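Visitor: The sequence shown begins at 2 in my numbering and counts up by one.
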Amino acid sequence: MSALLTDRPTTQNGVPIIDCTACGGTHPEPRKHCTACGRPSLFINPQNHCLNCNQEEA
């Protein structure tokens, strides 16, 4: 395996984990952030809200 692939921590599936400058946390790289609360999530609706914020609106 290449040294490039092991330089950064990854998830079990090999997705790089980053120190996010947008939210200040660490999470897998391709996460969008909720525009209501700022949390990174895999589940962002068309209004750019996460599941938690989407449930609060309902």
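Beta carbons: idealized from backbone N, C-alpha and C, even for Gly. Computed from a predicted model, the values in this text were never measured in an experiment.
1) Can you give me the Cβ contacts of P10 inside the same chain, cut-off strictly under 7 Å, excluding the 5 residues immediately before and after it?
2) With 16 other CB atoms within 10 Å as the buried threshold, where does P41 fall?
3) Just to confirm my understanding: we take T27, look at its own chain, exclude 5 residues before and 5 after, and list those with CB closer than 8 Å. What are they?
4) What are the residues that DSSP puts in a beta bridge with C54?
Guide: In short, the structure shows the following:
1) If we look at P10 and ignore the five residues flanking it on each side, its Cβ neighbours are I18.
2) Its Cβ being crowded by 16 or more others within 10 Å, P41 is buried.
3) If we look at T27 and ignore the five residues flanking it on each side, its Cβ neighbours are I18, I19, D20, C21.
4) In the DSSP output, where bridge partners are listed per residue, C54 has none listed.
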